[in-house]
Every structure is written in structure tokens, then in C-alpha cells.
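For reference, each letter of the sequence shown is one residue, going 88 to 172 in this note's numbering.
The C-beta atom is built at its ideal place from N, Cα and C for all residues, glycine as well.
For clarity, every value in this text was computed on a predicted model and none was experimentally measured.
Note sheet for the following structure.
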Amino acid sequence: MHDELVDHLTRSTPLSRGEALRVIQDVLAYFDETAGDYVRRRHRELQAEGLVNAEIFDRIAADLQYRAVAPPELTLRQLRRLVYG
């Protein structure tokens, strides 16, 4: 799986074939996260850093536009619903 990308990484970096495959799998797993899962995870992380919801939801809304496949723009209310149901 992803042989062309593995070949490219082994040619262009010092990674071995196994290391390149692990990097690809890690990146794909990172971007496989749904928008809802991302919002809930980031909310927990930012809350643990001591931020309040107003700051958290503003930051999450800004960050979502930079995801690999940007979800539709979510309102603050929609973000809250993803976290609290």
C-alpha cells in the first residue's frame, strides 16, 4: 500500500522503507479523524491548558479551516454541540 509514496520518501529522505511506511500510516491516521472527533479532542486539550470556552471555540473554529479536508464552516453553537451533545 502506498508503494510509490514509500519509494519517494526512501529516495528523498534518510528513512528506511519500514520507517517511511510508519510515517505514512501515522499521517493518514492523523487526517482520518472526523471533524467531530477533532473538535472534541482539541476542546479537551485546550481546556487542560486552562483556556476558557470562548477562547477554545474561537481557536478551534480558526484551526478547522486548515485541516486537510476542511469541513463546512461551523458556528460556535455547532462546535459546542459537538462537544456537549
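Original post:
So Ala-107 packs on Val-93, CB below 8 Å; how close in whole Å?
Top reply: For the purposes of this step, residue 107 is taken as residue 20 along the sequence shown, with counting starting at 1. For the purposes of this step, residue 93 is taken as residue 6 along the sequence shown, with counting starting at 1. 5 Å between Cβ atoms; contact.
Subject >> Complete runs of the alpha helix (DSSP H) confined to the segment 96-159 [at least 4 residues] >> reply: The qualifying runs are 104-118, 122-135, 140-151.
**OP:** Return the CA-CA distance between Leu-151 and Leu-138, expressed in angstroms with no decimal places.
**Re:** Residue mapping note: residue 151 aligns to position 64 of the sequence shown, counting from 1. Residue mapping note: residue 138 aligns to position 51 of the sequence shown, counting from 1. The straight-line gap from Cα to Cα measures roughly 18 Å.
**OP:** Could you tell me which of Tyr-171, Ala-122, Arg-129 sits nearest to Glu-160, measuring between CA atoms?
**Re:** Position 73 of the sequence shown, counted from the start, is the residue given in the question as residue 160. With distances taken between Cα atoms, Glu-160 lies closest to Ala-122.
Original post:
If you draw a straight line from the C-alpha of Gly-105 to the C-alpha of Leu-163, how long is it?
Top reply: Residue 105 sits at position 18 when you count from the first residue of the sequence shown. Residue 163 sits at position 76 when you count from the first residue of the sequence shown. When the Cα atoms are used, Gly-105 and Leu-163 turn out to be separated by approximately 42 Å.
Original post:
Taking the Cβ atom as the reference point for each residue, do Leu-133 and Glu-142 lie within a distance shorter than 9 Å?
Top reply: The residue given as residue 133 occupies position 46 in the sequence shown. The residue given as residue 142 occupies position 55 in the sequence shown. Going by C-beta atoms, Leu-133 is nearer than 9 Å to Glu-142.
Original post:
Measuring CB to CB, does Asn-140 end up less than 9 Å from Arg-167?
Top reply: As a first step, residue 140 must be located in the sequence shown, where it is residue number 53. As a first step, residue 167 must be located in the sequence shown, where it is residue number 80. The Cβ atoms of Asn-140 and Arg-167 lie closer than 9 Å to each other.
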